[in-house]
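Protein chains: 4
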Amino acid sequence: MRSDQRTERTFTERARRAQILDAAVDVLAERGYNGASLSAIAERIGVSKGVISYHFAGKDELLREVVSSVLADSRDYMGPRVESATSYAAALHAYVQSNLEFLDQNRHRIVALIEVVNGTPPDRPAPYGPGHRNAVRSLTGMLERGQQSGEFGKFDPHFVAVALRAAIDACSELLRDDPEADVKAYGAQVLEIFERGVRP
Amino acid sequence: MRSDQRTERTFTERARRAQILDAAVDVLAERGYNGASLSAIAERIGVSKGVISYHFAGKDELLREVVSSVLADSRDYMGPRVESATSYAAALHAYVQSNLEFLDQNRHRIVALIEVVNGTPPDRPAPYGPGHRNAVRSLTGMLERGQQSGEFGKFDPHFVAVALRAAIDACSELLRDDPEADVKAYGAQVLEIFERGVRP
Amino acid sequence: MRSDQRTERTFTERARRAQILDAAVDVLAERGYNGASLSAIAERIGVSKGVISYHFAGKDELLREVVSSVLADSRDYMGPRVESATSYAAALHAYVQSNLEFLDQNRHRIVALIEVVNGTPPDRPAPYGPGHRNAVRSLTGMLERGQQSGEFGKFDPHFVAVALRAAIDACSELLRDDPEADVKAYGAQVLEIFERGVRP
Amino acid sequence: MRSDQRTERTFTERARRAQILDAAVDVLAERGYNGASLSAIAERIGVSKGVISYHFAGKDELLREVVSSVLADSRDYMGPRVESATSYAAALHAYVQSNLEFLDQNRHRIVALIEVVNGTPPDRPAPYGPGHRNAVRSLTGMLERGQQSGEFGKFDPHFVAVALRAAIDACSELLRDDPEADVKAYGAQVLEIFERGVRP
DNA sequence: TATGAATGAGAGTTCATTCAT
DNA sequence: GATGAATGAACTCTCATTCAT
Numbered sequence: 005m006r007s008d009q010r011t012e013r014t015f016t017e018r019a020r021r022a023q024i025l026d027a028a029v030d031v032l033a034e035r036g037y038n039g040a041s042l043s044a045i046a047e048r049i050g051v052s053k054g055v056i057s058y059h060f061a062g063k064d065e066l067l068r069e070v071v072s073s074v075l076a077d078s079r080d081y082m083g084p085r086v087e088s089a090t091s092y093a094a095a096l097h098a099y100v101q102s103n104l105e106f107l108d109q110n111r112h113r114i115v116a117l118i119e120v121v122n123g124t125p126p127d128r129p130a131p132y133g134p135g136h137r138n139a140v141r142s143l144t145g146m147l148e149r150g151q152q153s154g155e156f157g158k159f160d161p162h163f164v165a166v167a168l169r170a171a172i173d174a175c176s177e178l179l180r181d182d183p184e185a186d187v188k189a190y191g192a193q194v195l196e197i198f199e200r201g202v203r204p
Numbered sequence: 005m006r007s008d009q010r011t012e013r014t015f016t017e018r019a020r021r022a023q024i025l026d027a028a029v030d031v032l033a034e035r036g037y038n039g040a041s042l043s044a045i046a047e048r049i050g051v052s053k054g055v056i057s058y059h060f061a062g063k064d065e066l067l068r069e070v071v072s073s074v075l076a077d078s079r080d081y082m083g084p085r086v087e088s089a090t091s092y093a094a095a096l097h098a099y100v101q102s103n104l105e106f107l108d109q110n111r112h113r114i115v116a117l118i119e120v121v122n123g124t125p126p127d128r129p130a131p132y133g134p135g136h137r138n139a140v141r142s143l144t145g146m147l148e149r150g151q152q153s154g155e156f157g158k159f160d161p162h163f164v165a166v167a168l169r170a171a172i173d174a175c176s177e178l179l180r181d182d183p184e185a186d187v188k189a190y191g192a193q194v195l196e197i198f199e200r201g202v203r204p
Numbered sequence: 005m006r007s008d009q010r011t012e013r014t015f016t017e018r019a020r021r022a023q024i025l026d027a028a029v030d031v032l033a034e035r036g037y038n039g040a041s042l043s044a045i046a047e048r049i050g051v052s053k054g055v056i057s058y059h060f061a062g063k064d065e066l067l068r069e070v071v072s073s074v075l076a077d078s079r080d081y082m083g084p085r086v087e088s089a090t091s092y093a094a095a096l097h098a099y100v101q102s103n104l105e106f107l108d109q110n111r112h113r114i115v116a117l118i119e120v121v122n123g124t125p126p127d128r129p130a131p132y133g134p135g136h137r138n139a140v141r142s143l144t145g146m147l148e149r150g151q152q153s154g155e156f157g158k159f160d161p162h163f164v165a166v167a168l169r170a171a172i173d174a175c176s177e178l179l180r181d182d183p184e185a186d187v188k189a190y191g192a193q194v195l196e197i198f199e200r201g202v203r204p
Numbered sequence: 005m006r007s008d009q010r011t012e013r014t015f016t017e018r019a020r021r022a023q024i025l026d027a028a029v030d031v032l033a034e035r036g037y038n039g040a041s042l043s044a045i046a047e048r049i050g051v052s053k054g055v056i057s058y059h060f061a062g063k064d065e066l067l068r069e070v071v072s073s074v075l076a077d078s079r080d081y082m083g084p085r086v087e088s089a090t091s092y093a094a095a096l097h098a099y100v101q102s103n104l105e106f107l108d109q110n111r112h113r114i115v116a117l118i119e120v121v122n123g124t125p126p127d128r129p130a131p132y133g134p135g136h137r138n139a140v141r142s143l144t145g146m147l148e149r150g151q152q153s154g155e156f157g158k159f160d161p162h163f164v165a166v167a168l169r170a171a172i173d174a175c176s177e178l179l180r181d182d183p184e185a186d187v188k189a190y191g192a193q194v195l196e197i198f199e200r201g202v203r204p
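Chains as they are written, first to last, in this note's numbering: chain A, 5 to 204; chain B, 5 to 204; chain C, 5 to 204; chain D, 5 to 204.
Written out as structure tokens, the structure is:
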């Protein structure tokens with residue numbers, strides 16, 4: 005149905021798609037990748053499976069949209085905050101802080117995203133265009149420029165980027181194990197470690 | 005039949021179980037959680053599906069054993085190395101280093117473990133009894149003791165333990181993206197960051 | 005709504021029906037019976053599926069109309085030519101020749117017709133009222149009258165009618181395998197065989 | 005399961021496969037290509053759908069086997085009879101006669117074969133390796149050799165082969181319309197026509 | 001011990017049809 | 001008259017599990 009991509013969607017359709025995406029996020033977060041069958045998602049909104057097939061080309065498209073919508077929102081949230089920083093140290097600070105804020109405010113969706121990314125079988129196209137690898141790459145770039153400017157010391161920027169991203173993403177685990185966890189404090193702690201770590 | 009844990013297993017049976025576990029690891033690593041069907045695993049050893057059902061109570065038990073065998077081996081490898089350290093700083097060093105060595109030498113099995121942990125739907129008993137949570141807890145303990153001894157400075161031990169474990173585990177990603185990645189160098193870099201981080 | 009056959013159709017409606025029938029023919033010819041879904045047909049004219057349901061009682065009626073419109077046209081084309089023949093041999097000649105001419109000029113529609121006739125499950129009302137059986141019957145009649153007049157020799161008229169119709173219809177295969185096939189030459193050859201065959 | 009094609013099949017399996025093939029033939033003959041769902045076939049033997057999937061790689065393989073088994077049997081039946089002919093006229097005679105005999109003795113299976121051949125959507129691999137086209141080709145060859153030998157007169161061998169095959173295949177229609185039809189008599193009639201037709 | 005065989009549930013998809021707007 | 005939306009049944013296929021042999 006959605007063969008003509010340029011067609012604008014009607015109001016109703018946009019609403020349904022959003023509703024389905026929300027349901028998908030919920031089910032993914034609660035029952036995991038393998039629990040997120042089309043029936044489970046449809047059941048949650050109280051419609052038939054066919055509705056999903058009607059609004060999305062297939063399960064793949066649905067999951068890809070789940071991922072890309074979260075990624076887009078995270079870029080929208082973090083981008084301006086990082087770019088308005090006036091030093092590399094400040095940018096690093098803004099990066100970690102805004103990232104964790106976003107995570108904190110989108111717990112459900114983050115869990116869903118991780119389920120999709122981790123759950124997608126290796127023989128299928130990854131559901132995030134550039135996705136996570138890109139996140140590491142852009143972080144690496146920031147660290148490198150910080151080094152060139154003399155603000156940061158000597159270290160392997162790629163390795164540090166990987167470790168930092170992992171530390172940030174671990175926030176999900178933290179929340180999984182304890183939904184009341186103090187994300188802000190965790191962020192502050194991670195920041196302190198890595199700020200020390202990149203200092204000259 | 006294998007429900008009675010006190011029954012001693014015959015030699016043949018232990019061998020079969022081991023063989024099946026190995027096959028499961030291979031298939032999990034290559035085709036992911038959803039690709040690891042009982043038929044795929046059975047096919048790899050050239051036996052019928054029934055064999056697996058005979059030796060394991062069900063797929064769940066098989067996967068849980070995959071996980072627990074890797075965790076047990078990692079404890080066996082790291083334990084002595086960490087415990088023989090004569091200072092907390094040395095223990096931290098030994099922890100990270102031996103952990104990464106183990107990861108490096110058991111790539112296949114680690115990937116399989118991650119597949120199981122990530123793939124298992126949340127409504128089912130988690131495949132690692134205490135597992136990861138335990139790892140974080142013991143690391144937290146080590147950091148706390150280091151603080152009490154005055155060797156380490158002031159920080160939140162739990163948060164740092166979470167971040168450090170995440171940084172270590174990120175090694176798998178590193179390897180997934182680049183199988184030739186220099187694990188040792190990555191470990192050294194992570195160590196440097198966190199050693200700085202915990203210093204008084 | 006269109007169940008009341010006596011209702012006169014408006015101009016617009018007749019146009020729509022014709023348009024839909026054309027689209028159905030095209031899709032049937034290109035994608036076969038099973039590829040001819042209502043969506044595929046609707047998409048070809050750029051309307052919604054509902055339009056078809058509005059103008060036809062159901063898919064069955066649509067397909068039956070496809071068949072009957074082709075058959076009607078073939079009767080309109082062949083009838084006068086056959087009837088104006090002044091001998092039975094001439095009638096036979098006119099029959100085969102005009103039939104193949106019609107086939108040649110309506111390849112698309114013929115293919116569609118065959119798809120419908122072959123594709124319709126046997127437990128459903130056959131899409132050609134009397135249809136093909138009728139064609140054989142009228143041909144049989146012609147042969148019988150030719151025999152009674154002494155123009156034709158001794159043979160089983162029904163059997164010959166069946167074989168001749170089959171030979172004529174095989175033209176579709178010929179065209180399917182080679183769209184450039186010389187239909188006229190094929191017709192001449194078939195005629196020669198059967199003219200010899202029915203001679204006293 | 006049947007991944008290793010060289011594996012011999014057990015007795016039970018051969019029996020089941022045969023049983024399934026028979027059921028498929030019956031259902032195809034009775035309910036047509038589109039009525040021959042896996043459930044319908046399974047239901048007829050009183051087993052679950054899964055059984056078919058267990059014994060055949062998929063519906064495609066099942067249908068292909070239906071076709072190839074009939075074609076193989078028909079070759080086995082006709083081949084020796086045609087080859088033992090001592091003249092081209094005799095060969096033509098044997099061809100038509102043995103073909104119709106085979107048709108007569110395998111009515112059900114022939115109808116099933118035709119359903120599969122006609123029903124398979126055009127965008128899918130044809131279910132008969134060489135199949136019908138081959139039949140026409142070999143018949144064409146026989147006619148050509150008969151012409152070269154001087155036994156047959158002047159005509160287009162390809163066209164006559166197409167028409168003759170069509171006349172023979174029309175026997176199925178004959179049977180469909182009247183299950184008591186005298187196939188032998190029909191064969192004799194067709195033979196007479198075409199023997200006259202190819203005479204010099 | 002191991003196998004082949006069968007089951008039955010559940011997956012994603014497609015489709016004709018219905019209906020409020 | 002026409003549309004978008006939704007339904008529900010049917011389809012093929014996969015899989016963990018069970019069981020007689």
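From the three backbone atoms N, C-alpha and C, an ideal C-beta is built for every residue, glycine too.
Check: Sub-9 Å separation of L143 of chain D and Y99 of chain D beta-carbons; Outcome: yes
Check: Close Cβ partners of E155 of chain D (< 7 Å) along its chain, the five nearest in sequence each way excluded; Outcome: S91, Y92, A93
Check: N- and C-terminal bounds of the alpha helix (DSSP H) containing G62 of chain C; Outcome: Premise fails: G62 of chain C is in no alpha helix (DSSP H) and is neither H nor E.
Check: Touching by the beta-carbon criterion (3+ pairs, under 8 Å), the region 148-162 of chain B and the region 178-190 of chain B; Outcome: no
Check: Euclidean distance between Cα positions of V140 of chain C and R35 of chain D; Outcome: 24 Å
Check: Interface flag, P204 of chain C vs chain D, CB-CB below 9 Å; Outcome: no
Check: Separation of A22 of chain D from T16 of chain D, as counted between CA atoms; Outcome: 10 Å
Check: Cutoff 9 Å: Q289 of chain A Cβ touching any chain B Cβ; Outcome: In the structure displayed, chain A extends from 5 to 204; residue 289 of chain A sits before or after that span and is not available.
Check: Sequence-distant residues of the same chain with beta carbon closer than 7 Å to L42 of chain B, five excluded per side; Outcome: K53, I56, K63
Check: Neighbour flag for N122 of chain A against chain B, beta carbons, 9 Å; Outcome: yes
Check: First and last residue of the uninterrupted alpha helix (DSSP H) at E119 of chain C; Outcome: 111-123
Check: Same chain, Cβ closer than 6 Å to N110 of chain D, five either side skipped, listed in chain order; Outcome: none
Check: Simplified DSSP assignment, three categories, for K53 of chain C; Outcome: helix
Check: Contacting residues, own chain, Cβ-Cβ under 7 Å from L68 of chain B (five flanking each side not counted); Outcome: The sequence as given places Arg at residue 68 of chain B; Leu does not occur at that position. Correct list, in chain order: P131.
Check: D186 of chain B in three-state terms, based on DSSP; Outcome: coil
Check: Chain-ordered residues of the region 167-184 of chain B with a beta carbon less than 9 Å from chain A; Outcome: A167, L168, R169, A170, A171, I172, D173, A174, C175, E177, L178, D181
Check: 6 Å Cβ shell around A89 of chain B - same chain, five flanking residues per side excluded; Outcome: A95, A98
Check: Between the CA atoms of D30 of chain B and A40 of chain A - distance to the nearest angstrom; Outcome: 26 Å
Check: CB contact flag (G201 of chain B, I197 of chain A, <9 Å); Outcome: yes
Check: Within chain B, partners of D64 of chain A - CB distance below 9 Å; Outcome: Simply none; closest approach about 14 Å.
Check: Buried versus exposed, by CB contacts within 10 Å (16 or more), G191 of chain A; Outcome: buried
Check: Inter-residue CB distance, G123 of chain C and G123 of chain D (contact presumed, cutoff 8 Å); Outcome: 7 Å
Check: Exposure label - P161 of chain D; buried when at least 16 CB within 10 Å; Outcome: buried
Check: Nearest residue (CA-CA) to E152 of chain D, options D:R203, D:D186, D:V86; Outcome: The amino acid at residue 152 of chain D is misidentified as Glu; the sequence shows Gln. When each option's Cα is compared against that of Q152 of chain D, the closest is D:R203.
Check: Nearest-angstrom Cα separation, counted from D26 of chain B out to A61 of chain A; Outcome: 39 Å
Check: Coil, strand or helix - S73 of chain B by DSSP; Outcome: helix
Check: Near-chain D residues of the region 18-52 of chain C (beta-carbon distance less than 9 Å), N- to C-terminal order; Outcome: E34, R35, G36, Y37, N38, G39
Check: Element boundaries [alpha helix (DSSP H), containing F163 of chain D]; Outcome: 161-181
Check: Option nearest E199 of chain C by Cα separation, candidates C:A185, C:L147, C:A170; Outcome: C:L147
Check: Proximity test, S78 of chain C beta-carbon vs the ligand ATP heavy atom, cut-off 8 Å; Outcome: Of the ligands one can find in the structure shown there are none, so the ligand ATP has no counterpart to examine.
Check: CB of V115 of chain C within 9 Å of CB of V71 of chain C, strictly; Outcome: no
Check: Cα-Cα separation, P84 of chain A to A76 of chain A; Outcome: 13 Å
Check: Proximal residues of chain D, C-beta to C-beta of P131 of chain C below 9 Å; Outcome: Result: empty, since nearest Cβ-Cβ is about 12 Å, beyond 9 Å.
Check: Run of the alpha helix (DSSP H) containing E34 of chain B, from where it starts to where it stops; Outcome: 15-39
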